[in-house]
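Take any residue in the sequence shown, count from 1 to its spot, add 175: that is its number in this note's numbering. No residue lacks a Cβ here, since even glycine has one placed at the ideal position from N, Cα and C.
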Amino acid sequence: MKKMKKFLSVLLAMAMVLGMSVTTFAKDITKPQEGDTDKVTITGTSIKKGEVTFKVYQLIRPIFEEGKGFTGYQWSNIYTDKTGPVEYEENGDVRDLTSTNITAWAAKADRTIQDATVTWNEAGTEASIELGVGTWMILASAADDVNVVYNPMIASVYYTQQDSMTGGTADADAAWKLTTTNAYEKSTDLGGQESKQVGTLDASGISSLAKASAEVGKNVPYVLKGLIPSYSAEYFNSASSDMSQTRTVTYKLNDSKNAGLEYNNDIKVYVGNTTTPIAETNYDITLYKNADKTETTTNYAEAAAFSVALKSSYIQTLTGASDAQRTVYVTYTAKVTDAAVSQVAENQFDVSYTRTPGQPEETTDTKTVYTYTAAINGAVVKIDEKDEALGNATFTLYETYENNTLSNPFAGTTGSTATTSVKDGNDGSVDFTGLEFGKTYYLTETKAPNGYSINNTVYSVVCNYPAGFNEKGTTKLTEYSVTVTNLSDAKDTKTVTVPYGGSATAVMNHFTIKNTKLNGLPSTGGIGTTIFTIGGCAIMIAAAGLYFSLRRRTEK
Numbered sequence: 176m177k178k179m180k181k182f183l184s185v186l187l188a189m190a191m192v193l194g195m196s197v198t199t200f201a202k203d204i205t206k207p208q209e210g211d212t213d214k215v216t217i218t219g220t221s222i223k224k225g226e227v228t229f230k231v232y233q234l235i236r237p238i239f240e241e242g243k244g245f246t247g248y249q250w251s252n253i254y255t256d257k258t259g260p261v262e263y264e265e266n267g268d269v270r271d272l273t274s275t276n277i278t279a280w281a282a283k284a285d286r287t288i289q290d291a292t293v294t295w296n297e298a299g300t301e302a303s304i305e306l307g308v309g310t311w312m313i314l315a316s317a318a319d320d321v322n323v324v325y326n327p328m329i330a331s332v333y334y335t336q337q338d339s340m341t342g343g344t345a346d347a348d349a350a351w352k353l354t355t356t357n358a359y360e361k362s363t364d365l366g367g368q369e370s371k372q373v374g375t376l377d378a379s380g381i382s383s384l385a386k387a388s389a390e391v392g393k394n395v396p397y398v399l400k401g402l403i404p405s406y407s408a409e410y411f412n413s414a415s416s417d418m419s420q421t422r423t424v425t426y427k428l429n430d431s432k433n434a435g436l437e438y439n440n441d442i443k444v445y446v447g448n449t450t451t452p453i454a455e456t457n458y459d460i461t462l463y464k465n466a467d468k469t470e471t472t473t474n475y476a477e478a479a480a481f482s483v484a485l486k487s488s489y490i491q492t493l494t495g496a497s498d499a500q501r502t503v504y505v506t507y508t509a510k511v512t513d514a515a516v517s518q519v520a521e522n523q524f525d526v527s528y529t530r531t532p533g534q535p536e537e538t539t540d541t542k543t544v545y546t547y548t549a550a551i552n553g554a555v556v557k558i559d560e561k562d563e564a565l566g567n568a569t570f571t572l573y574e575t576y577e578n579n580t581l582s583n584p585f586a587g588t589t590g591s592t593a594t595t596s597v598k599d600g601n602d603g604s605v606d607f608t609g610l611e612f613g614k615t616y617y618l619t620e621t622k623a624p625n626g627y628s629i630n631n632t633v634y635s636v637v638c639n640y641p642a643g644f645n646e647k648g649t650t651k652l653t654e655y656s657v658t659v660t661n662l663s664d665a666k667d668t669k670t671v672t673v674p675y676g677g678s679a680t681a682v683m684n685h686f687t688i689k690n691t692k693l694n695g696l697p698s699t700g701g702i703g704t705t706i707f708t709i710g711g712c713a714i715m716i717a718a719a720g721l722y723f724s725l726r727r728r729t730e731k
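Structure, rendered in structure tokens:
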């Protein structure tokens, strides 16, 4: 029984070391016998029904000898490399039940078996597991959509005598109690911190959130945000004396994109401080040619994805730090390409990190951000005096119109000018692509088709998101509006709906700009010049007749 006392003290000390509560409860039994069980209760702020599952592994089990009954405890070698009776240190600690060994056993355990049968309290915040006598390792795993990291737990079910013991002996007929050490989850709750936004950093974090729209060729700023777990020593300790097997952790921020964007070489990483990036020696950047990350590259312009992996040695320095001190930001910019005209530019972000000591990294849900560029294809159509499509008219788009002067020609995917056509389904549309949403541009005809007079009216053109649309790039855009206004006549205005990436022929109810032929001056609504021409001719004929009549009279 002396060893039994030691074992009890060991269990309590061990529970304190591993961060577990030491509250106990007891169940009366007649005498120890094989098959005795009791409930172990698991509590913690991150314990929620439906969000976590448990697996249990017996490290120490009871010894029952024929004719003697319960005689002590021994190692279970199913999940450990220990055999034989449990031994104790001079201070009463169980020999070899160390944090390092627990970490190693957690890594080796077959996680496909021994799912625990759990009973939840009514609130779903406290889990109970029925366990046999001995010491157990409990490993918790979060659901796929829950970003929580758990540390290994240790709990024990053990025997004590209800009556006091004297002379180092125990009364075999005395009543016994079965006592349990409950477990408390140690975890880091990521709290949905992973996110990607269009914007920049300042001293308070992500700010100056930009609209997720830009002209082709312009750069868009992005910020990736994550929360590095506060990993305990179990995640880093060596599994053996061979330091080559020192355990490490992984925390990666992963980004991928489609052809509508092109990465720039300006990635920066901030941890706990949004004004000063951390040293580049604390992380590694890997560029990939394709989104599935099967081939690497060193060229940012040709990369389809990248990963920023914080080094394990750096992550270890953050153990015990506050959430604010462990918050990580990755900033970079990407250029909008011509491909964004026909399809929405999009990029995706996720985090992969170690959840269980020695186990492969797991990945969070993907966050997607969209970036848009607009086009007015089909919104403005050139027509003649018969309201038919008119080709070969040249228009110029400007970004500035002040004091009746146009300046700063637009330089987008089509350049500053566009020429209308009536073939290939263009139907006389004035086509400019790669525009920014919400920005006012100015359109005017700069060259008329042969035989037509030029229409030098200036029109404002604005591309707008649909009403109520989230402009921060979290929803995919399928259509938008283009508003065209005659700056000489505000009543001459129209808003046209344009499908994203659609052809000009898909646009209905166009805004039209009319040209007239040079030999067909427009009527002003009066009687015109015909009557005056006829009258003039009549007077001339009458004058000629009168002249010849007077001449004949004179000759007579």
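Query                                                                                                                                                                                     : Result
Compare the Cα-Cα distances from Pro-624 to each of Thr-691, Val-636, Tyr-406 and Val-555 and report the closest residue.                                                                 : Thr-691
Grouping DSSP H, G and I as helix and E and B as strand, with all else coil, what is Tyr-675?                                                                                             : coil
DSSP state of Arg-422, grouped into three classes?                                                                                                                                        : coil
What does the Cβ neighbour count give for Glu-521, buried or exposed, with the cut at 16 atoms within 10 Å?                                                                               : buried
Mind checking who Ser-158 pairs with in its DSSP beta bridge?                                                                                                                             : What is shown of the chain runs 176 to 731, which leaves residue 158 out entirely.
Could you check whether the stretch 511-519 touches the stretch 461-476, counting it as contact only if at least three pairs of C-beta atoms, one from each stretch, sit closer than 8 Å? : no
Should Ile-238 be labelled buried (16 or more other beta-carbon atoms within 10 Å of its own) or exposed?                                                                                 : exposed
Roughly how many whole angstroms lie between the Cα atoms of Leu-272 and Val-293?                                                                                                         : 26 Å
Using the three-state DSSP reduction, which class does Ala-568 fall into: helix, strand or coil?                                                                                          : coil
May I ask which residues mark the beginning and end of the alpha helix (DSSP H) holding Tyr-489?                                                                                          : 487-491
Out of Lys-689, Ala-387, Asp-430 and Gly-603, which one is the CA nearest neighbour of Thr-539?                                                                                           : Asp-430
Can you list, in chain order, the residues of its chain with a C-beta nearer than 7 Å to that of Thr-543? Leave out the 5 residues immediately preceding and following it.                : Glu-521 and Gln-523
Under the rule that 16 or more other beta-carbon atoms within 10 Å means buried, what is Lys-371, buried or exposed?                                                                      : buried
In terms of residues, what are the limits of the alpha helix (DSSP H) holding Ala-499?                                                                                                    : 498-501
Taking only three categories from DSSP, how would you classify Met-683?                                                                                                                   : coil
Nearest-angstrom Cα distance between Gly-367 and Tyr-528?                                                                                                                                 : Confidence in Gly-367 is poor, its pLDDT being 41 and thus under 50, which makes the residue's placement too unreliable to answer from.
I want to know whether the stretch 474-481 touches the stretch 449-459 - three or more CB-CB distances under 8 Å.                                                                         : no
Which residues share a DSSP beta bridge with Phe-644?                                                                                                                                     : Looking at the DSSP assignment, Phe-644 forms no beta bridge with any residue, so it has no partner.
Exposed or buried, which one is Ser-497 when buried takes at least 16 other CB atoms within 10 Å?                                                                                         : exposed
What do you reckon, are the CB atoms on Ala-554 and Val-682 nearer than 8 Å?                                                                                                              : yes
Can you tell me whether Ala-550 is helix, strand or coil according to DSSP?                                                                                                               : strand
Leaving out five residues before and five after Asn-631 in sequence, what residues of the same chain have Cβ atoms less than 8 Å from its Cβ?                                             : Thr-619 and Glu-620
Since Asp-525 sits in a beta bridge, which residues does DSSP pair it with?                                                                                                               : Asn-429
Just the Cα atoms here: how many angstroms apart are Ala-454 and Leu-493?                                                                                                                 : 15 Å
Please state if the CB of Ile-403 and the CB of Tyr-507 are separated by a distance shorter than 8 Å.                                                                                     : no
Give the straight-line distance between the Cα atoms of Tyr-426 and Arg-236, rounded to the nearest whole angstrom.                                                                       : 37 Å
Taking Tyr-595 and Val-605 to be in contact with their CB atoms under 8 Å, please state how far apart those CB atoms are, rounded to whole angstroms.                                     : A small correction: the amino acid at residue 595 is Thr; Tyr does not occupy that position in the sequence shown. With a Cβ gap of about 6 Å, Thr-595 and Val-605 count as contacting.
Is it buried or exposed, Asn-326, if we count other Cβ atoms within 10 angstroms and call 16 or more buried?                                                                              : buried
Ignore the nearest five residues each way along the sequence and tell me which others in Ile-490's own chain have a CB closer than 7 Å to its CB.                                         : Ile-403, Tyr-406, Val-424 and Tyr-426
In whole angstroms, give me the CA-to-CA distance for Thr-592 and Lys-561.                                                                                                                : 25 Å
Ile-381 to Val-395, Cα distance in whole Å?                                                                                                                                               : 14 Å
Could you please give me the residues that DSSP links to Leu-376 through a beta bridge?                                                                                                   : Ile-381
Please say whether Glu-611 and Ala-389 have beta carbons closer to each other than 8 Å?                                                                                                   : yes
Is the beta carbon of Thr-753 sitting closer than 8 Å to the one on Lys-400?                                                                                                              : Summary: the structure shown does not reach residue 753, with the chain confined to residues 176 through 731, and so no result is reported for it.
Relative to the C-alpha of Ile-277, which candidate in Leu-234, Val-373, Thr-650 and Asp-268 has its C-alpha closest?                                                                     : Leu-234
Check Thr-473 in the structure and name its three-state DSSP category.                                                                                                                    : coil
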